[in-house]
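Chains as they are written, first to last, in the UniProt record's numbering: chain A, 1 to 327; chain B, 1 to 327.
Each remark here refers to the structure printed beneath this line.
Number of protein chains: 2
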Amino acid sequence: MTTINDIAKLANVSRSTVSRHLNKNGYVSQEAQERIDKVIQETSYLPSQSAKSLRTKKTGVIGVILPKISTETASRVVDGINQMLQENDYQMLLTQTSLDKDKEIAFIKLLQSRNVDGVILLGTNTDEALVNEIQKADVPVVVLGQNMPSTTSISYPDYNATVEMITYMLENGYRDISFIGVPEDDPAVGILRKKAYIDTLKKYNLPILEERMAFGDFSIESGYDAMQTIMMHSSQPNAVFVVTDNMAVGAMQYLKENHYSIPKDIGMATTGVSRLSKYIEPVLTTIDFQNEDAGIAITRLLMEKLNGYNKTKKLTHTYRRLSGNSL
Amino acid sequence: MTTINDIAKLANVSRSTVSRHLNKNGYVSQEAQERIDKVIQETSYLPSQSAKSLRTKKTGVIGVILPKISTETASRVVDGINQMLQENDYQMLLTQTSLDKDKEIAFIKLLQSRNVDGVILLGTNTDEALVNEIQKADVPVVVLGQNMPSTTSISYPDYNATVEMITYMLENGYRDISFIGVPEDDPAVGILRKKAYIDTLKKYNLPILEERMAFGDFSIESGYDAMQTIMMHSSQPNAVFVVTDNMAVGAMQYLKENHYSIPKDIGMATTGVSRLSKYIEPVLTTIDFQNEDAGIAITRLLMEKLNGYNKTKKLTHTYRRLSGNSL
DNA sequence: TAAAAAGGTGGAATCGATTCCACAAAAGCT
DNA sequence: AGCTTTTGTGGAATCGATTCCACCTTTTTA
């Protein structure tokens with residue numbers, strides 16, 4: 001491998017001069033520049049990032065921590081993050097927790113030892129241990145998807161969007177709406193969306209029934225099981241709101257296998273549009289959190305921080321309700 | 001930030017000893033080990049990877065180059081890669097070309113300047129410039145999805161799987177099958193799958209008609225357009241095979257908008273199952289290339305190379321045909 | 001025309017680890 | 001007891017860049 005020393009020797013200058021030219025700081029004569037450029041061309045020299053970042057404490061790498069990449073929501077967010085990072089000449093180091101909370105903390109540490117310049121966390125909880133770790137971190141950490149205490153973060157409008165959706169279902173005449181959620185470890189999805197469901201039913205003076213609610217763990221299978229639990233009850237609902245698309249898929253599978261037709265027998269709405277589902281029957285009625293944009297937005301906040309802006313910002317992202325024929 | 005020098009000082013040993021202990025090579029007394037461990041605990045010290053890799057020329061990072069993350073196929077592959085890398089204590093640096101061929105080459109260079117230990121490329125072409133760049137690389141590069149000349153690679157069984165699918169369609173009575181493909185820049189998808197389509201029709205003594213073929217660029221929109229081109233012709237096919245899932249989505253959208261029903265008016269089959277589509281109507285008949293496994297397999301080959309095995313291997317991945325009611 | 005400023009360059013220290021080598025103490029062997 | 005291993009340790013060089021500083025030359029300015 002060619003190093004800056006080789007370049008210096010070949011171009012008959014000192015390595016300081018090469019470095020100055022490469023980083024465009026300090027003086028370098030026209031002739032020296034040309035000699036250096038020529039040699040760099042010929043040798044196709046690329047500076048070692050390890051050496052560079054050992055000195056400068058910058059790597060040009062951003063760490064991204066997410067629960068699972070192969071979901072539509074996550075991959076769309078990553079797409080957005082990637083776009084924004086590429087514009088700013090950063091690379092992305094991707095890690096996946098498989099929903100293991102300990103790994104979130106472990107990765108924050110690990111990424112720092114890799115000297116990333118910043119971290120983007122797709123949040124699944126706001127546990128104290130995690131908040132502490134973020135505080136301790138000596139690089140900026142920003143969070144998407146949870147309102148993380150004393151951390152710059154962007155939340156989705158979990159409550160409002162869910163209220164709107166449940167209201168929409170009610171206005172479409174459904175009066176017996178069931179709910180598939182997730183545990184309360186996840187404040188955004190587990191608490192807010194459930195609260196929105198309950199509050200809205202209350203507002204319409206409808207009863208809140210235990211047997212109309214079931215909870216999963218974000219997986220397709222758990223959506224299947226939750227739907228089954230609800231439908232096995234002696235009285236059955238005529239609609240269901242599922243808090244994530246992945247679980248909605250499981251729920252649909254159960255309904256399909258048991259010959260319930262959507263929306264004839266039961267109406268369905270969910271969060272996190274499945275791109276594909278727009279083109280297939282039934283077209284799901286969903287809340288679209290516009291994940292690419294969210295990815296871009298959170299990355300922009302991180303870039304701001306890297307450029308020295310260090311107040312903590314709290315934003316809420318936008319959403320759109322997409323109507324399908326699943327209601 | 002605490003460094004190995006701080007640890008050495010606090011534990012009353014030299015930094016050589018700390019390093020020896022950390023890397024478990026060479027002798028370190030019991031007492032010294034305990035003192036060091038204690039100090040490391042207290043300071044929550046993590047060695048700087050930049051410094052480490054400057055010396056060792058290893059980063060523990062693998063570069064992954066892919067066309068676009070937010071497709072089901074790519075994200076599932078990444079999932080598999082990630083699993084395997086995590087088992088082997090590697091991190092993943094992810095880059096996205098957005099199908100720009102120049103970027104493939106640029107990223108191979110860039111990743112090397114970042115001192116990645118190896119590169120996994122999800123291939124879209126086998127152009128000479130790319131092959132050359134891979135040859136020149138001073139870290140192992142492995143390729144998934146194309147049979148890349150003189151490079152360890154895993155291909156999908158593009159030809160055989162397509163033959164099987166077209167045959168299956170023929171056996172189900174379809175005699176007028178159209179085809180939505182991609183340009184021949186992509187040998188695997190553009191050439192092999194098309195050849196399989198043509199060969200199979202020939203084998204059944206069916207005519208190969210220009211107007212039954214259209215080509216897209218992997219995007220949803222291009223699938224829409226291709227389907228339109230085919231259906232605008234005076235005579236219409238009664239089935240269509242689409243070479244990628246993303247384009248199939250576009251094709252379905254066109255058919256839906258124009259009130260063709262699948263499979264009543266036109267049968268459809270595709271490659272790259274859409275996980276979701278299994279649960280919705282129509283259930284697509286697809287070739288599933290089991291992308292997670294492919295990701296695991298290609299990563300395993302890279303790991304072999306990193307462990308010194310340096311013969312070039314060529315593998316073909318497996319597949320399964322999944323029957324739906326779209327035919 | 002002398003002093004000040006700008007342009008240009010190389011030497012040397014530095015970042016935080018690893019690793020070779022020399023050396024000393026303890027243990028194992030005749 | 002004397003000799004060879006084994007165990008344990010620290011010093012110093014090294015990886016490939018950046019950056020401060022000293023120094024020289026050329027140009028500008030008063």
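By construction, the Cβ of each residue, glycine as well, lies at the ideal position given by its N, Cα and C atoms.
(message) If contacts are defined as beta-carbon pairs under 8 Å, then B/Thr271 and B/Asp293 qualify, I think. What distance do you get, rounded to the angstrom?
(response) In fact, because the Cβ distance is near 16 Å, the residues do not count as touching under 8 Å.
(message) Suppose contacts are defined by Cβ-Cβ distances below 7 Å. Is B/Leu301 in contact with B/Thr152 by that definition?
(response) Yes.
(request) Work out the CA separation of B/Asp117 and A/Thr43 for me, nearest whole Å. (result) Rounded to whole angstroms, A/Thr43 and B/Asp117 show a C-alpha spacing of 21 Å.
(message) Can you find the residues in the same chain that come closer than 7 Å, C-beta to C-beta, to A/Asp89, ignoring five residues on each side of it along the sequence?
(response) The beta carbon of A/Asp89 sits closer than 7 Å to the beta carbons of Gly60 from its chain, once the five residues preceding and following it are set aside; these are given in chain order.
(request) Could you tell me which uninterrupted alpha helix (DSSP H) segments, each at least 4 residues in length, are contained entirely in the stretch 59 to 118 of chain B, listed from first to last along the chain? (result) Taking only runs of at least 4 residues, the alpha helix (DSSP H) segments lying wholly in the stretch 59 to 118 of chain B are 72 to 87 and 101 to 113.
(request) Less than 8 Å between the CB atoms is what I'm expecting for A/Arg20 and A/Asn5, so what's the real figure, rounded? (result) In this structure A/Arg20 does not touch A/Asn5 by the C-beta definition: roughly 15 Å separates them, more than the 8 Å allowed.
(message) Using DSSP's beta-bridge definition, name the partner residues of B/Glu42.
(response) Per DSSP, none; premise fails for B/Glu42.
(request) Answer with buried or exposed for B/Ala297, where buried requires no fewer than 16 other C-beta atoms within 10 angstroms of its C-beta. (result) The residue in question, B/Ala297, is buried, as its Cβ has 16 or more Cβ neighbours within 10 Å.
(message) Could you tell me the alpha carbon to alpha carbon distance between B/Val39 and A/Asn125, rounded to whole angstroms?
(response) C-alpha separation (whole angstroms): 31 Å.
(request) Could you tell me which chain B residues have their CB closer than 7 Å to the CB of A/Ser53, listed as they occur along the chain? (result) By Cβ distance, chain B contributes Ser50.
(message) Just verifying my parser: in three-state terms, what is the DSSP assignment at B/Thr209?
(response) Per the sequence shown, the amino acid found at residue 209 of chain B is Leu instead of Thr. Collapsing the DSSP output to three states places B/Leu209 in coil.
(request) Could you tell me whether the Cβ of A/Val119 comes closer than 7 Å to any Cβ of chain B? (result) No, its Cβ sits nowhere closer than 7 Å to a Cβ of chain B.
(request) Could you please give me the residues that DSSP links to A/Ala137 through a beta bridge? (result) Paired residue(s): none; A/Ala137 is not in a bridge.
(request) Assign B/Leu144 to one of three DSSP states: helix, strand, or coil. (result) Assigned with DSSP and collapsed to three states, B/Leu144 falls in strand.
(request) For B/Arg321, name the three-state secondary structure that DSSP assigns. (result) For B/Arg321, the three-state secondary structure derived from DSSP is strand.
(request) Measure from the alpha carbon of B/Gly145 to the alpha carbon of each residue in B/Arg321, B/Met303, B/Gln290 and B/Arg320, then state which is nearest. (result) Of all alpha-carbon atoms in B/Arg321, B/Met303, B/Gln290 and B/Arg320, the one lying nearest the alpha-carbon of B/Gly145 is that of B/Gln290.
(request) Consult DSSP for B/Met1 and reduce its assignment to one of helix, strand or coil. (result) Note: B/Met1 maps to coil in three-state DSSP.
(request) Output the distance between the C-alpha atoms of B/Pro183 and B/Gly223, rounded to the nearest integer angstrom. (result) The C-alpha of B/Pro183 lies about 13 Å from the C-alpha of B/Gly223.
(request) Over the uninterrupted alpha helix (DSSP H) stretch that includes B/Val249, give me the two end residues. (result) First-last of the alpha helix (DSSP H) with B/Val249: Asp245 to Glu257.
(request) Return the first residue and the last residue of the beta strand (DSSP E) that A/Thr285 is part of. (result) Here the beta strand (DSSP E) through A/Thr285 covers Thr285 to Asp288.
(request) Note the first and the last residue of the continuous alpha helix (DSSP H) segment covering B/Ser16. (result) Start and end: Arg15 to Asn23.
(message) Assuming contact is defined by CB atoms lying nearer than 7 Å, are A/Pro237 and A/Asp138 in contact in what I supplied?
(response) Their beta carbons are not under 7 Å apart, which means A/Pro237 does not touch A/Asp138 by this criterion.
(request) Could you check how far apart the C-beta atoms of A/Val240 and A/Ser178 are, in whole angstroms? I think they sit under 8 Å. (result) Between A/Ser178 and A/Val240 the Cβ distance is about 5 Å, and since that is below 8 Å, they are a contact.
(message) If the criterion is Cβ atoms closer than 7 Å, does the pair A/Glu210 and A/His233 meet it?
(response) Taking 7 Å as the cut-off, the beta carbon of A/Glu210 is found no closer than this to the beta carbon of A/His233.
(request) Just tell me which of B/Asp265, B/Ile120, B/Leu206 and B/Thr286 has its CA closest to the CA of B/Thr299. (result) Closest option to B/Thr299, judged by alpha-carbon separation, among B/Asp265, B/Ile120, B/Leu206 and B/Thr286: B/Ile120.
(message) I'd like to check one pair, A/Ile105 with A/Glu133: are the Cβ atoms closer than 7 Å?
(response) Between A/Glu133 and A/Ile105, the C-beta spacing is below 7 Å.
(request) Count the CB pairs spanning the stretch 69 to 79 of chain B and the stretch 65 to 75 of chain A that are closer than 8 Å, and state whether there are at least three. (result) Taking 8 Å as the limit for Cβ pairs, the verdict is that the stretch 65 to 75 of chain A does touch the stretch 69 to 79 of chain B.
(request) Answer with yes or no whether the minimum CB distance from A/Leu99 to chain B is below 7 Å. (result) Answer no: the Cβ-Cβ gap between A/Leu99 and chain B never drops below 7 Å.
(request) Give the interface partners of A/Gln41 over in chain B, defined as CB-CB distance under 9 Å, in chain order. (result) Going along chain B, no residue has its Cβ under 9 Å from A/Gln41, so there is no contact; the nearest lies around 13 Å.
(message) Tell me which residues share the same chain as B/Asp158 and place their Cβ nearer than 6 Å to its Cβ, disregarding the 5 neighbours each side in the sequence.
(response) The answer, listed in chain order, is Ala188, Leu192 and Arg193.
(request) Report all residues from its chain with a CB closer than 7 Å to the CB of A/Pro47; omit the five preceding and five following residues, and keep chain order. (result) If we look at A/Pro47 and ignore the five residues flanking it on each side, its Cβ neighbours are Ile4 and Leu22.
(message) List, in chain order, every chain B residue whose beta-carbon is nearer than 7 Å to that of A/Asn82.
(response) Listed by position along chain B, the residues whose Cβ is nearer than 7 Å to that of A/Asn82 are Ile69 and Gln96.
(request) Scan the stretch 1 to 25 of chain B for residues whose Cβ lies nearer than 9 Å to a Cβ of chain A and list them as they occur along the chain. (result) So the close ones are Met1.
(message) Just to check my reading of the structure: A/Glu164 and B/Ile280 have Cβ atoms closer than 8 Å, yes? What is that Cβ distance to the nearest angstrom?
(response) So it is not a contact: roughly 24 Å between Cβ atoms.
(request) Go through its chain and collect everything with a Cβ distance to A/Ile220's Cβ below 8 Å, but skip five positions before and after it. (result) Counting only residues of its own chain and dropping the five nearest sequence neighbours on each side, A/Ile220 has a CB closer than 8 Å to the CB of Asn246, Met247, Val249, Gly250 and Gln253.
(request) With a threshold of 16 other CB atoms inside 10 Å of the CB of B/Ile208, please say whether the residue is buried or exposed. (result) B/Ile208 comes out exposed.
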